[in-house]
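Q: Can you read through this structure? Questions will come right after.
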Amino acid sequence: MSDLARSQNQETFVLNLGPQHPATHGVLRVKLTMDGEYIAEAEPVLGYVHRMHEKMGENRTWAQFMPNTARLDYLGALSYNHGYVKIVEQAMGIEVPERAEYLRVITVELNRIASHLLWFGAFVLDLGGFTPLLYAFDDREHILDLLESVTGARLTFCYFRFGGLYNDIDDDFITGSRAFIKRLRKRMPEYHDLVTKNVILITRLKDIGILPAEMCRKYGATGPVLRGSGVNYDVRKNEPYSVYPELDFDVPVYSECDSMARYMVRMDEMEQSMRIIEQALDKLPAGPIMPEKVPRMLKPEPGDYYSAVEAPRGTFGVRVVSDGTNKAYRLKLRSPTFSNLSLFGEASQGMLLADALALMGSLDLVIPEIDR
Amino acid sequence: MIADLKSEFAPLAPVAIIETDYQVKGYHLDVEVGAGQVVAVAELLDRRGFFLESITGVDWLGKTPIANQVEAAGEPAAVADSEADAQDGAAEKSAEQMEVVYDYNHTGGELCRVVVRCRLERVKPEIPTICQLIPGANWHERETHDFFGIKFLGHPDLSPLLLPEDADFHPLLKDFKV
Chain L
1 MSDLARSQNQ ETFVLNLGPQ HPATHGVLRV KLTMDGEYIA EAEPVLGYVH RMHEKMGENR
61 TWAQFMPNTA RLDYLGALSY NHGYVKIVEQ AMGIEVPERA EYLRVITVEL NRIASHLLWF
121 GAFVLDLGGF TPLLYAFDDR EHILDLLESV TGARLTFCYF RFGGLYNDID DDFITGSRAF
181 IKRLRKRMPE YHDLVTKNVI LITRLKDIGI LPAEMCRKYG ATGPVLRGSG VNYDVRKNEP
241 YSVYPELDFD VPVYSECDSM ARYMVRMDEM EQSMRIIEQA LDKLPAGPIM PEKVPRMLKP
301 EPGDYYSAVE APRGTFGVRV VSDGTNKAYR LKLRSPTFSN LSLFGEASQG MLLADALALM
361 GSLDLVIPEI DR
Chain P
1 MIADLKSEFA PLAPVAIIET DYQVKGYHLD VEVGAGQVVA VAELLDRRGF FLESITGVDW
61 LGKTPIANQV EAAGEPAAVA DSEADAQDGA AEKSAEQMEV VYDYNHTGGE LCRVVVRCRL
121 ERVKPEIPTI CQLIPGANWH ERETHDFFGI KFLGHPDLSP LLLPEDADFH PLLKDFKV
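Taken in order, these protein sequences are the chains called L and P.
FYI, the numbering for the first sequence is 1 to 372, going by our numbering.
FYI, the numbering for the second sequence is 1 to 178, going by our numbering.
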């Protein structure tokens, strides 16, 4: 907009986006100050699904808090299972059997694909394309069936245990996973033909919603958002845990910093997750899925501990203060989208409303995980 | 990098600076500073390319804050008696304390996680904001104010972020009753 246009029209108006709005995927509210179609100021208003999980962590035993972890990011719940058991294992020095570690990686990566598939469908839906959502849900359904067969749940998994897992997989799971990968490998080119190469999508995403790497650093953005800004950072590589070092996979990085780059990162990550699952299935060792001896009463040494995992949306960190009892003295949950969304106010300034919604979609928000 | 950081921290006169066992603790360096130093520390780490992963608090009501101990080189852990004495003394002095904890991390090269902590008087928990320097700190500080009532001086807006807009309570205080 020219300065003249600005000076002639000083009037702005306030527009409420949400908390019930399909583009906010849950109950996020954004208070927008609009200058015509342009955003003068955007202020996300949080807390509509705040449940105070951190207080619950102080009132429940270590094991009792386990189901809570799946209720943060309900689309990538297994990563949150993983982050939580990992810190307790680290603090207590519990050894995890190798088979359990491989199964953790397989299920977490399946969950990551399911999460990215849902994002893919919902994101294109935000932009006005309805069909891809149905395709994505069709694929995702296969993963949910597979995970349901071993974990007993479709979204709110409580599958991991301190030291191992609740349930071993069977042959059906292995053949099912391989069949699914074969299927998705055939579908990915279709997705690229139908969506990635679509000129409308490209026009909506290319060079729009620029998040420079420095802005990501200042706001602590992680995950695909950061990797779409050219920073090669993935907790699975930079701070290796579980059996990820034994598996060969790449970290997709795009340096364009626009919404398209973040789209491409997630599309490529699905391919990499398939590679990880295949290798892990090939290498899957026999053996127990729980260590022989896990203390019945968990009482980590007094002190504070920190642990991070790579969730589908970025770094999920847990900070625990233990006073040596069977409950946490303090449990801090650091969720990735909280930081990823915090840059929205600055990034959306001066953008067209429609473009800002595309930017918001490219951040892949899950509100219960922001509000905790 | 850890050695570099230690020498760079020295002029800021931290209360304590301890190298920790990453395998157990999950971080490499534990720096305790006074409230007046948090901005300078943030500046230093920001200049070194670190990013802020989170800010949170701990309420030590009626408890001795649990802290990492500097292990004297070559000597086994201190004798139980003298340790207990030292803790009793510390308990009297610090029974009414709160802690603000900053987790810093960086994305390039060598893995290095730095924890910065600052003890505050529980009756008047105030600490300067770092959000002018690191805009990502804005929400983290607001959240910490929600949960603990810790005031971040100079913060542009400490209205409730996650709690209801009229909330006048701080649920993570240990004496909070529903």
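C-beta: ideal position from N, C-alpha, C; glycine also.
Output needed for glycine 57 of chain L: all residues of its chain with C-beta closer than 6 Å, excluding positions within five of it in sequence on either side, in chain order.
A: Phe65, Ala328, Leu331, listed in sequence order.
Q: In whole angstroms, what separates the C-alpha of tyrosine 27 of chain P from that of asparagine 68 of chain L?
A: In a straight line, the C-alpha of tyrosine 27 of chain P is about 25 Å away from that of asparagine 68 of chain L.
Q: Would you call the CB atoms of leucine 226 of chain L and lysine 283 of chain L closer than 9 Å?
A: Cβ atoms of leucine 226 of chain L and lysine 283 of chain L: not closer than 9 Å.
Q: What are the residues in the stretch 52–67 of chain L lying within 9 Å of chain P by C-beta distance?
A: The residues in question are Met52, Glu54, Lys55, Glu58.
Q: Glycine 317 of chain L CB to nearest chain P CB: under 9 Å?
A: Closer than 9 Å to some Cβ of chain P, the Cβ of glycine 317 of chain L qualifies, so yes.
Q: Any chance you could list the alpha helix (DSSP H) runs of at least 4 consecutive residues sitting entirely within the stretch 31–73 of chain L, in chain order?
A: Within the stretch 31–73 of chain L, the complete alpha helix (DSSP H) runs of at least 4 residues are 53–59, 66–69.
Q: Per the DSSP calculation, tyrosine 219 of chain L is bridged to which residue(s)?
A: DSSP output for tyrosine 219 of chain L lists no bridge partner at all.
Q: Taking only the alpha-carbon atoms, compute the straight-line gap between glutamate 11 of chain L and valine 27 of chain L and give it to the nearest angstrom.
A: Answer to the nearest angstrom: the Cα atoms are 29 Å apart.
Q: By alpha-carbon positions, which one of L:His21, L:Val195, L:Ala311, L:Glu239 ends up nearest to serine 115 of chain L?
A: It is L:Ala311.
Q: Does the CB of aspartate 138 of chain L have a neighbour CB from chain P at under 9 Å?
A: So, not an interface residue.
Q: Hey, would you say isoleucine 55 of chain P sits closer than 9 Å to alanine 167 of chain P, going by beta carbons?
A: No.
Q: Can you give the Cα-Cα distance for glutamate 41 of chain L and alanine 358 of chain L, rounded to whole angstroms?
A: Spanning the two alpha carbons is a distance of roughly 17 Å.
Q: From L:Arg154, L:Arg372, L:Arg217, L:Phe344, pick the residue whose C-alpha is nearest to that of leucine 110 of chain L; which is it?
A: Nearest C-alpha to leucine 110 of chain L: L:Arg154.
Q: Please report the distance separating the alpha-carbon of serine 159 of chain P from that of phenylalanine 338 of chain L.
A: Between serine 159 of chain P and phenylalanine 338 of chain L, the C-alpha separation is close to 17 Å.
Q: Check glutamine 272 of chain L in the structure and name its three-state DSSP category.
A: Glutamine 272 of chain L falls in the helix class under three-state DSSP.
Q: Candidates L:Pro240, L:His82, L:Ile143, L:Leu144: which alpha carbon is nearest tyrosine 159 of chain L's?
A: Ranking L:Pro240, L:His82, L:Ile143, L:Leu144 by Cα distance to tyrosine 159 of chain L puts L:His82 first.
Q: Kindly say whether glycine 36 of chain P, judged by its beta-carbon, lies nearer than 9 Å to any beta-carbon of chain L.
A: It does not; no Cβ of chain L falls within 9 Å.
Q: Since leucine 165 of chain L and methionine 274 of chain L should fall inside the 8 Å C-beta cutoff, what is the C-beta to C-beta distance between them, to a whole number of angstroms?
A: The pair is not a contact, with the Cβ atoms about 22 Å apart (cut-off 8 Å).
Q: Let me make sure I understand the geometry here. Which of L:Met270, L:Asn326, L:Glu369 has the alpha-carbon closest to that of alanine 136 of chain L?
A: If we check each option's Cα against that of alanine 136 of chain L, L:Met270 comes out closest.
Q: So is serine 335 of chain L buried or exposed if we call it buried at 16+ other beta carbons inside 10 Å?
A: Counting Cβ neighbours within 10 Å, serine 335 of chain L comes out buried, since at least 16 surround it.
Q: To which residues of the same chain is glutamate 96 of chain P closer than 6 Å at the C-beta, ignoring the five residues directly before and after it?
A: Excluding residues within five positions, the ones whose Cβ falls inside 6 Å are Arg122.
Q: So, using beta-carbon positions, are lysine 174 of chain P and glycine 62 of chain P closer together than 9 Å?
A: A contact, by the Cβ cut-off of 9 Å.
Q: Roughly how many angstroms separate the alpha carbons of leucine 78 of chain L and valine 199 of chain L, rounded to a whole number?
A: Distance between the alpha carbons of leucine 78 of chain L and valine 199 of chain L: 35 Å.
Q: Could you round the C-beta distance between glycine 190 of chain P and cysteine 118 of chain P to whole angstroms and report it? I think they count as a contact, below 8 Å.
A: Shown here, chain P extends from 1 to 178; a query on residue 190 of chain P therefore has no answer.
Q: Run down chain L in chain order and give the residues with a C-beta less than 8 Å from the C-beta of tyrosine 102 of chain P.
A: The premise fails here: tyrosine 102 of chain P is roughly 11 Å from chain L at the closest Cβ pair, so nothing lies under 8 Å.
Q: Assuming glycine 317 of chain L is part of the beta strand (DSSP E), what are its boundary residues?
A: Taken as a continuous stretch (DSSP letters only), the beta strand (DSSP E) holding glycine 317 of chain L covers 314–322.
Q: How many angstroms separate the CA atom of tyrosine 84 of chain L from the CA atom of alanine 40 of chain P?
A: Answer to the nearest angstrom: the Cα atoms are 33 Å apart.
Q: So, is methionine 297 of chain L buried or exposed, given that buried needs 16 or more other C-beta atoms within 10 angstroms?
A: Result: exposed.
Q: Would you identify the three-state DSSP class for arginine 266 of chain L, choosing helix, strand or coil?
A: Of the three classes helix, strand and coil, the one that applies to arginine 266 of chain L here is helix, per DSSP.
Q: Per the DSSP calculation, methionine 98 of chain P is bridged to which residue(s)?
A: According to DSSP, which records beta bridges pairwise, methionine 98 of chain P is partnered with P:Asp59, P:Leu120.
Q: Quick check on this structure: which residue in L:Glu148, L:Thr196, L:Leu75 has the alpha carbon closest to the alpha carbon of proline 132 of chain L?
A: When each option's Cα is compared against that of proline 132 of chain L, the closest is L:Thr196.
Q: Is any beta-carbon of chain L found at less than 9 Å from that of serine 54 of chain P?
A: For serine 54 of chain P, the answer is yes, since a Cβ of chain L falls inside 9 Å of its Cβ.
Q: Please name the residues in the stretch 285–307 of chain L whose beta-carbon is closer than 8 Å to at least one beta-carbon of chain P, in chain order.
A: Those would be Pro302, Gly303, Asp304, Tyr305, Tyr306, Ser307, in chain order.
Q: Looking at chain L, is there any beta carbon in it that lies within less than 9 Å of the beta carbon of alanine 80 of chain P?
A: For alanine 80 of chain P, the predicted structure reports a pLDDT of 41, less than 50, and the residue's modelled location is therefore unreliable. A value from the coordinates is still provided. No, no contact with chain L.
Q: Would you verify that the beta carbon of lysine 6 of chain P is, or is not, closer than 9 Å to some beta carbon of chain L?
A: Answer no: the Cβ-Cβ gap between lysine 6 of chain P and chain L never drops below 9 Å.
Q: Considering only the alpha carbon of each residue, which of L:Gly129, L:Pro212, L:Thr203 lies closest to cysteine 257 of chain L?
A: Nearest option by C-alpha distance: L:Pro212.
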